[in-house]
Amino acid sequence: MIESIDLDKCTGCGICDQVCPADVIHMERVEVADAVAGLHREKWLPAIKYQQHCVTCFNCELFCPEGIVDVHPSVKNRPRPW
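Read left to right, the sequence shown gives residues 7 to 88 (our numbering).
Next comes the structure, spelled out in structure tokens:
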């Protein structure tokens, strides 16, 4: 299961969304305040939409160029050999 995504360090590249075979992560447009410029701007950030569909493949964690996705294996979500 995806434990966390550090949105403060996310660049919004969308790779995690693209590599997820179970369609768990979706990119969403959010408004972000820029304290330095005093402006608001839009940014695309990942959101965990369907956590229960996660197959714990670790693709999002492995392919994230910033290393901000944390996946934890869950016994509940692993397929059983029997």
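Using N, Cα and C, we set each Cβ at its ideal position, and we do this for glycine too.
- Decide if E9 is buried, meaning its Cβ has at least 16 other Cβ atoms within 10 Å, or exposed. By the C-beta density criterion, E9 is exposed, having fewer than 16 other C-beta atoms within 10 angstroms.
- Compute the distance between the beta-carbons of V77 and F64, then report whether it is under 8 Å. Yes. Within cutoff.
- Task: Rounded to whole angstroms, what's the CA-CA distance from C66 to C19? Just pull it up for me.
- Result: If you take the alpha carbons of C66 and C19, they lie about 12 Å apart.
- Message: Can you tell me where the beta strand (DSSP E) holding I21 begins and where it ends?
- Response: Bounds of any beta strand (DSSP E) do not take in I21; it lies within the alpha helix (DSSP H) bounded by 21–25.
- Query: Under the three-state reduction of DSSP, which class applies to E67: helix, strand or coil?
  - Reply: Three-state result, E67: helix.
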